[in-house]
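**Q**
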Amino acid sequence: MFNIEEELKKLPAKPGVYLMHDEKDTIIYVGKAVSLKNRVRQYFQPSRNVTPKIARMIEHIHRFEYIITDSELEALVLECNLIKEYRPKYNTMLMDDKSYPYIKATIHEEYPRLLFAREMKKDKAKYFGPYTSAGAIKDTLLLMQKIYHIRTCNRNLPRDIGKERPCLNYHIKQCKAPCQGYISKETYRESFSNALEFLNGNYSNVLKMLEEKMYEASEKYEFEVAAEYRDLLNSVKQIAQKQKITSQEQDDKDIIGFAKAAEEAVIQVFFIRGGKLIGREHFHFNEVEHDSHAEILTAFIKQFYAGTPYIPKQIVLPSEIEEEVVLAEWLSEKRGQKVYFRVPKKGQKERLVELACKNASLILQQDSEKIKREEARTIGAVRELQNLLGLPSISRMESFDISNINGFESVGSMVVFEDGKPKKNDYRKFRIKTIKGADDYGSMREVLTRRFVHGIEERKELLEKNQDPMLGKFSRFPDLLLMDGGKGQVNIAISVLEELNIQIPVCGMVKDDNHRTRGIYFENKELPIDRHSEGFRLVTRIQDETHRFAIEYHRSLRGKNQVHSILDEIEGIGATRRKALMKYFKSLERIREATVEEIKEVPSMNEKAAISVYRFFH
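Here it is, written out as structure tokens:
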């Protein structure tokens, strides 16, 4: 048994990383410390002054572990890696976990190429980026092919020159076929150098060249060729417009802006490379109501630059951060050169930071409006349903459905919605065990009984272990049961709950003749509901999701045994008699309704087999 008080006494006064675990042994927090002894003890001191989020975290700590490091820098690196791996619940977490692509120039090759790359490697190549859009990179590479005819093949040149026929790119005039020796190495490398100039932001030469070729083709009445040059010219202009010069300095830098409102925060990053803005991206934080600007910015730098292969020379910030010295040391080590944090007070950098902050604020405002719409669609819809049914509160809803084909591979589904959103981790599948044939009522009774008996048993086991009774797979009961059907299915659910002495309100989701949601059946009557309301749309989504989940499970089982029939389960009925029965009666329903004498009339059937079939269905 883990004794926190005893383990606190064993903590060393050394730098390292500590990991907090909950009752399920899930890592809920990762932190670093210059002195593990002092830092970890602070969480368990009565006089501690912590944020409400950390206070909630402390309540769930079941045990902790720690890893000793040689220095604070090592602890920082380890902390960043562990946060990225485990994404602990109570760490200030960056919601967007992205990697940014690059353009890779294989300058070390005799006939170099321009390639799409997801990461930077130490492979003698030159990298351009990172870019925020993979699509933009692919468009740029295609443009490079059309203008400069850069090869894209993987052939080893000059070794393989003349060994194979030129590829399609040669025939569509996007490559000069260096693989055939149709272009000299010197001429090819000159074109490649021009392509690199383009990627470095020197667009004037290519704009002039394309414009001249466009007019030249037009004067020769080659209007299709002129149109091609016109399109290329427009493409280059678009790229040039996006990469405006923003700084007189040629250093690479990231400009970081910040905006916060209530529990949400947004960080905007401008990527400036060689004095040009090559892209921008924003990142979200939630549950940061009690976190300071410095804490959020520090968490962002740790998480973002831990996963980014390229570190710029300067990181320009809107305000000071925590642990600046050790963070700068860490990033300098990653870059291989000195990295500086800057908080500008005037000049162009200050204006860029202000612009980034304005962008972050705008994004936060737009997202806030999206959140409001989403809340109306989810929590607002739940409240509408709650008011319609006259219930005090609804959070968790469980919906059930049965799926089969003439009783074959009958299955049940349980779908869970919490606060108007699907909670897919809590979905459950049931393979019908006790019911033979197409008996939806009997199947539903079995599914509901199994679901709630499991829940009762789990609650009992967890309480015996002094654990939270809500931690099991079935132990948490819903505030509302939704049955995919009307009066019949509702009554089945009510009878099961009464037998188990469980009190949960039950309503049915009634469909019309076209199998579309019509309304709600509750307390022996169908309630009128506005078909244009969010509450009605929520009921429809739940019903559709329940049906989809059941159908998918049924299909997966059916697909494993396509030739299986419910008739195969009858003793004495093989493939020949099964085919004869279906050919004679045309359907399982008619077989079910037939007498023994009628079944005997089927070719290949005898009295014993006929009695066996009759007893199976009766």
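Just so you know, we're using UniProt numbering here: the sequence shown kicks off at 1 and counts up by one. The beta carbon of each residue, even a glycine, is placed where N, CA and C say it ideally should be. Just so we're clear, the structure is a prediction, and the values are computed from it rather than from any experiment.
So who's on the other strand from His284, going by DSSP bridges?
**A** As a working mapping, residue 284 is identified with position 284 in the sequence shown. Val266, per the DSSP bridge assignment.
**Q** Who pairs with Cys507 in a beta bridge, going by DSSP?
**A** Locating residue 507 in the sequence shown gives position 507, counting from the first residue. According to DSSP, which records beta bridges pairwise, Cys507 is partnered with Leu482 and Phe522.
**Q** Please work out which residues of its chain come closer than 7 Å, Cβ to Cβ, to Glu484, disregarding the five sequence neighbours upstream and downstream, and give them in chain order.
**A** Counting from 1 along the sequence shown, the entry for residue 484 is found at position 484. Residue 484 is actually Asp in this sequence, not Glu. Ser399, Phe400, Asp401, Met509, Gln543, Thr546 and His547, listed in sequence order.
**Q** Figure out for me which residue from Leu388, Asn38, Val30 and Met470 has the closest Cα to the Cα of Ala75.
**A** On the sequence shown, residue 75 is found 75 positions in, with the first residue counted as 1. Minimum Cα distance to Ala75 is reached at Val30.
**Q** Measuring only the C-alpha atoms, how far is Val50 from Arg41?
**A** Within the sequence shown, numbered from 1, the residue matching residue 50 stands at position 50. Within the sequence shown, numbered from 1, the residue matching residue 41 stands at position 41. Distance between the alpha carbons of Val50 and Arg41 is about 13 Å.
**Q** Run through DSSP, which three-state label would Leu277 get?
**A** Residue mapping note: residue 277 aligns to position 277 of the sequence shown, counting from 1. Reduced to three states, the DSSP call for Leu277 is strand.
**Q** Could you check whether His282 and Lys260 sit closer than 8 Å to each other, using their CB atoms as the reference points?
**A** Here residue 260 is taken as the residue at index 260 of the sequence shown, counted from 1. Here residue 282 is taken as the residue at index 282 of the sequence shown, counted from 1. Not in contact: Lys260 and His282 (Cβ atoms no closer than 8 Å).
**Q** Between the alpha carbons of Gly390 and Glu526, how many angstroms are there, rounded?
**A** Taking the sequence shown and counting its residues from 1, the one referred to as residue 390 is at position 390. Taking the sequence shown and counting its residues from 1, the one referred to as residue 526 is at position 526. When rounded, the distance between both Cα atoms is 14 Å.
**Q** Buried or exposed: Val563, going by 16 or more other Cβ atoms within 10 Å of its Cβ?
**A** Walking along the sequence shown from the start, residue 563 turns up at place 563. Low per-residue confidence applies at Val563: pLDDT is 48, beneath 50, and the placement is therefore not dependable enough to give any value.
**Q** Under DSSP, the alpha helix (DSSP H) around His454 begins and ends at which residues?
**A** Walking along the sequence shown from the start, residue 454 turns up at place 454. Unbroken alpha helix (DSSP H) run through His454: Asp440 to Glu464.
**Q** Go ahead and label Asp254 buried or exposed: buried means 16 or more other beta carbons lie within 10 angstroms of its beta carbon, across all protein chains shown.
**A** In the sequence shown, residue 254 corresponds to position 254, counting from 1. It counts as buried.
**Q** What residues are listed by DSSP as bridge partners for Phe271?
**A** Locating residue 271 in the sequence shown gives position 271, where the first residue counts as 1. Paired residues: Asp254 and Gly279.
**Q** Grab the span of the beta strand (DSSP E) containing Arg342 for me, first residue to last.
**A** What you label residue 342 is simply residue 342 of the sequence shown in a count that begins at 1. That run of the beta strand (DSSP E) goes Tyr340 to Arg342.
**Q** Kindly identify the DSSP beta-bridge partner or partners of Ser399.
**A** On the sequence shown, residue 399 is found 399 positions in, with the first residue counted as 1. DSSP lists Val415 and Leu482 as partners of Ser399.
**Q** Excluding the 5 residues flanking Asp530 on each side, which residues of the same chain have their C-beta closer than 7 Å to its C-beta?
**A** Position 530 of the sequence shown holds residue 530. Taken in chain order, the residues that qualify are Phe536.
**Q** Considering only residues of the same chain and omitting the five flanking positions on each side of Thr378, which have a CB-CB separation below 8 Å?
**A** Within the sequence shown, the letter at position 378 stands for residue 378. Result list for Thr378: Asp419, Gly420, Lys421 and Leu538, in chain order.
**Q** Among Val613, Phe270, Arg63 and Glu322, which has the Cα closest to the Cα of Lys349?
**A** Counting from 1 along the sequence shown, the entry for residue 349 is found at position 349. Ranking the options by Cα distance to Lys349, first place goes to Phe270.
**Q** Leaving out five residues on either side along the sequence, give the residues of the same chain with a beta carbon under 6 Å from the beta carbon of Ala265.
**A** As a first step, residue 265 is located in the sequence shown; it is residue number 265 there, counting from the start. Counting only Cβ-Cβ distances below 6 Å, and skipping sequence neighbours, we find Phe285, Val288 and Ile296.
**Q** Expressed to the nearest angstrom, what Euclidean distance is found between the alpha-carbon atoms of Val339 and Thr308?
**A** The sequence position of residue 339 within the sequence shown is 339, counting from 1. The sequence position of residue 308 within the sequence shown is 308, counting from 1. For Val339 and Thr308, the distance between alpha carbons rounds to 14 Å.
**Q** In or out: Val602 buried (at least 16 other Cβ within 10 Å) or exposed?
**A** Position 602 of the sequence shown, counted from the first residue, corresponds to residue 602. With 16 or more Cβ atoms within 10 Å of its Cβ, Val602 is classed as buried.
**Q** Distance, Cα to Cα, Ile107 vs Val325?
**A** If you number the sequence shown from 1, residue 107 lands on position 107. If you number the sequence shown from 1, residue 325 lands on position 325. Between Ile107 and Val325, the C-alpha separation is close to 36 Å.
**Q** In terms of alpha-carbon separation, which member of Gly412, His618, Asn491 and Pro528 lies closest to Glu552?
**A** Numbered from its first residue, the sequence shown carries residue 552 at position 552. Nearest of Gly412, His618, Asn491 and Pro528 to Glu552, Cα basis: Gly412.
**Q** Can you tell which of Arg450, Met214 and Leu199 has its C-alpha closest to the C-alpha of Ile137?
**A** Here residue 137 corresponds to residue number 137 of the sequence shown, with the count starting at 1. When only C-alpha atoms are compared, the closest one is Leu199.
**Q** Is the CB-CB distance between Tyr148 and Phe192 below 8 Å?
**A** Indexing the sequence shown from 1 puts residue 148 at position 148. Indexing the sequence shown from 1 puts residue 192 at position 192. Yes.
**Q** Given a cut-off of 8 Å on the beta-carbon distance, is the pair Lys32 and Glu79 in contact?
**A** Numbered from 1 along the sequence shown, position 32 holds the residue referred to as residue 32. Numbered from 1 along the sequence shown, position 79 holds the residue referred to as residue 79. Yes; because the gap between Cβ atoms is below 8 Å, this pair is in contact.
**Q** Mapping DSSP to helix, strand and coil, what is Gln303?
**A** Here residue 303 refers to the residue found at position 303 of the sequence shown. In the structure shown, Gln303 sits in a helix (DSSP, three-state: H, G or I).
**Q** Using the C-alpha atoms, what's the distance from Ser368 back to Met120?
**A** Within the sequence shown, the letter at position 120 stands for residue 120. Within the sequence shown, the letter at position 368 stands for residue 368. So the alpha carbons of these two residues sit roughly 36 Å apart.
**Q** Rounding to the nearest angstrom, what Cα-Cα distance links Gln489 and Arg518 in this structure?
**A** For this step, residue 489 is matched to residue 489 along the sequence shown. For this step, residue 518 is matched to residue 518 along the sequence shown. So the alpha carbons of these two residues sit roughly 16 Å apart.
**Q** Confirm, please, whether the CB-CB distance from Ile504 to Met444 is below 8 Å.
**A** Taking the first residue of the sequence shown as position 1, residue 444 is located at position 444. Taking the first residue of the sequence shown as position 1, residue 504 is located at position 504. Cβ distance not < 8 Å, so Met444 and Ile504 don't count as in contact.
**Q** Work out the CA separation of Asn234 and Ala226 for me, nearest whole Å.
**A** Indexing the sequence shown from 1 puts residue 226 at position 226. Indexing the sequence shown from 1 puts residue 234 at position 234. If you take the alpha carbons of Ala226 and Asn234, they lie about 12 Å apart.
**Q** Across which residues does DSSP place Tyr102 in a beta bridge pair?
**A** One-based indexing of the sequence shown puts residue 102 at position 102. For Tyr102, which the question treats as bridged, DSSP gives the partners Ala117.
**Q** Secondary structure at Thr546, three-state DSSP: helix, strand or coil?
**A** For this step, residue 546 is matched to residue 546 along the sequence shown. DSSP places Thr546 in helix when its eight states are reduced to three.
**Q** Residues in the same chain with beta-carbon distance under 7 Å from Gln467, minus the five sequence neighbours each way, listed in chain order, please.
**A** For the purposes of this step, residue 467 is taken as the residue at position 467 of the sequence shown. Closer than 7 Å at Cβ, skipping near neighbours: Glu23.
**Q** Report the option in Glu85, Tyr521 and Gly257 whose CA atom is closest to the CA atom of Glu320.
**A** As a working note, residue 320 is residue 320 in the sequence shown. Answer by Cα proximity: Gly257.
**Q** With burial defined as no fewer than 16 other Cβ atoms inside 10 Å of the residue's Cβ, what is the status of Asn154: buried or exposed?
**A** Along the sequence shown, read from residue 1 onward, the residue named residue 154 stands at position 154. Its Cβ having fewer than 16 others within 10 Å, Asn154 is exposed.
**Q** Helix or strand or just coil, what does DSSP make of residue 641?
**A** Only positions 1 to 618 of the chain appear in this structure, which leaves residue 641 out of reach.
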